[in-house]
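One structure is given here, and the rest of the page talks about it.
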Amino acid sequence: MKRLHLVGLIAVALCAASAAHAEGDKARGRTLVYTCNGCHGVPGYANAYPEYHVPHIVGQNEQYIVNALKAYKSGERTHPTMGAQAQSMSDQEIEDIAAYLSSIAK
Amino acid sequence: MIRGFSLIAMGALLALTATQTFAAGDPARGKTKIATCVACHGQDGNSVDPQYPRLAGQYADYLAQALHEYKDGRRGNAIMKGFAATLSDQDIDDVSAYFATMPSKLQGLEHHIQGD
Numbered sequence: 002m003k004r005l006h007l008v009g010l011i012a013v014a015l016c017a018a019s020a021a022h023a024e025g026d027k028a029r030g031r032t033l034v035y036t037c038n039g040c041h042g043v044p045g046y047a048n049a050y051p052e053y054h055v056p057h058i059v060g061q062n063e064q065y066i067v068n069a070l071k072a073y074k075s076g077e078r079t080h081p082t083m084g085a086q087a088q089s090m091s092d093q094e095i096e097d098i099a100a101y102l103s104s105i106a107k
Numbered sequence: 017m018i019r020g021f022s023l024i025a026m027g028a029l030l031a032l033t034a035t036q037t038f039a040a041g042d043p044a045r046g047k048t049k050i051a052t053c054v055a056c057h058g059q060d061g062n063s064v065d066p067q068y069p070r071l072a073g074q075y076a077d078y079l080a081q082a083l084h085e086y087k088d089g090r091r092g093n094a095i096m097k098g099f100a101a102t103l104s105d106q107d108i109d110d111v112s113a114y115f116a117t118m119p120s121k122l123q124g125l126e127h128h129i130q131g132d
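Here the protein sequences come in this chain order: A and B.
End of the first sequence sits at 107 in this note's numbering; the numbers just go up one at a time, nothing left out.
End of the second sequence sits at 132 in this note's numbering; the numbers just go up one at a time, nothing left out.
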């Protein structure tokens with residue numbers, strides 16, 4: 002019985018540790034990027050006014066993606082579509098997306 | 017009257033074409049202007065430190081847009097603002113053209129979503 006308590010404690014400690022770490026989950030990220038595909042998954046797709054290509058995001062560096070999404074979320078970096086998208090994401094989801102996208106560098 | 021108008025129109029067209037030709041970025045010229053960029057972004061634009069974006073193979077017009085936004089303050093980043101301030105419009109096009117032509121680890125999201 003005492004041993005069961007110990008196992009429980011360890012499990013709780015492990016959960017707390019992983020939450021504090023907030024490491025991205027690639028598998029969850031893969032599901033989450035479905036929304037991004039509408040613009041970032043269309044070859045040659047262009048932003049309008051001003052017109053420029055929607056950037057490649059697959060293979061981009063992990064911390065840069067996290068910083069970009071958090072800057073869009075806070076409004077520090079402005080773009081109408083990206084601001085709206087990022088505001089719907091939790092910090093954990095941002096980590097998950099960045100973990101997945103950065104993991105598939107060519 | 018019509019002749020005068022046509023002449024003006026032709027002149028305007030020529031002027032437009034001329035600016036377009038001039039504005040095109042030149043990767044070779046860009047290569048001579050990237051001394052400051054490489055410290056963080058790498059010689060070939062494939063930044064090793066994960067906090068800096070990879071530039072190699074990114075769309076040139078997106079890179080140019082980012083540099084213009086850093087330069088005029090629409091995009092706030094103290095370090096990039098300082099560098100972008102030293103670049104002319106032509107420099108921005110050249111530097112962007114250079115990094116866009118480098119061997120890339122980047123790609124579009126197509127074929128990488130759930131179910132693919």
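Glycine residues also receive a C-beta, built at the ideal position from the N, C-alpha and C atoms.
Helix, strand or coil at residue i [DSSP, three-state]
i: B/Y114; result: helix
i: A/K27; result: helix
i: B/Q130; result: coil
i: B/D105; result: helix
i: B/L71; result: coil
i: A/H41; result: helix
Residues sharing a beta bridge with residue i, DSSP
i: A/N48; result: A/Y53
i: A/V59; result: B/Q123
Between the CA atoms of residue j and residue i - distance to the nearest angstrom
i: A/V34; j: B/D109; result: 31 angstroms
i: B/P144; j: A/C37; result: With chain B represented from 17 up to 132, any question about residue 144 of chain B goes unanswered, as that position is not in the structure.
i: A/H57; j: B/D107; result: 22 angstroms
i: B/Q74; j: A/I98; result: 19 angstroms
i: B/I129; j: B/K87; result: 35 angstroms
i: A/V55; j: B/A113; result: 16 angstroms
i: A/R29; j: A/E96; result: 10 angstroms
i: A/D26; j: A/S104; result: 11 angstroms
i: B/G89; j: B/I95; result: 12 angstroms
i: A/A85; j: A/R78; result: 12 angstroms
i: A/Y101; j: A/Q64; result: 12 angstroms
i: B/V54; j: A/G42; result: 29 angstroms
i: B/D65; j: B/A116; result: 19 angstroms
i: A/G39; j: A/G60; result: 18 angstroms
i: A/N62; j: B/N62; result: 9 angstroms
i: A/Y53; j: B/L79; result: 9 angstroms
i: B/Q81; j: B/D132; result: 31 angstroms
i: A/A106; j: A/G76; result: 28 angstroms
Delimiting residues of the alpha helix (DSSP H) encompassing residue i
i: B/E85; result: 76 to 88
i: A/S104; result: 92 to 104
i: B/C56; result: 54 to 57
i: A/K107; result: Element bounds for A/K107: n/a, residue is neither H nor E.
Short CB-CB distance (under 8 angstroms) between residue i and chain D
i: B/H128; result: Absent here is chain D; the protein component of the structure consists of chains A and B.
>> Under 8 angstroms, with one C-beta from each stretch per pair, do the region 98 to 113 of chain B and the region 70 to 77 of chain A reach the 3-pair mark?
In response: With a cut-off of 8 angstroms, the region 70 to 77 of chain A and the region 98 to 113 of chain B do not count as touching, because too few Cβ pairs lie within range.
>> Is it the case that the region 56 to 76 of chain B contacts the region 112 to 122 of chain B, given that we only count it when at least three CB pairs across the two stretches are under 8 angstroms?
In response: Cβ pair count under 8 angstroms is three or more, so yes.
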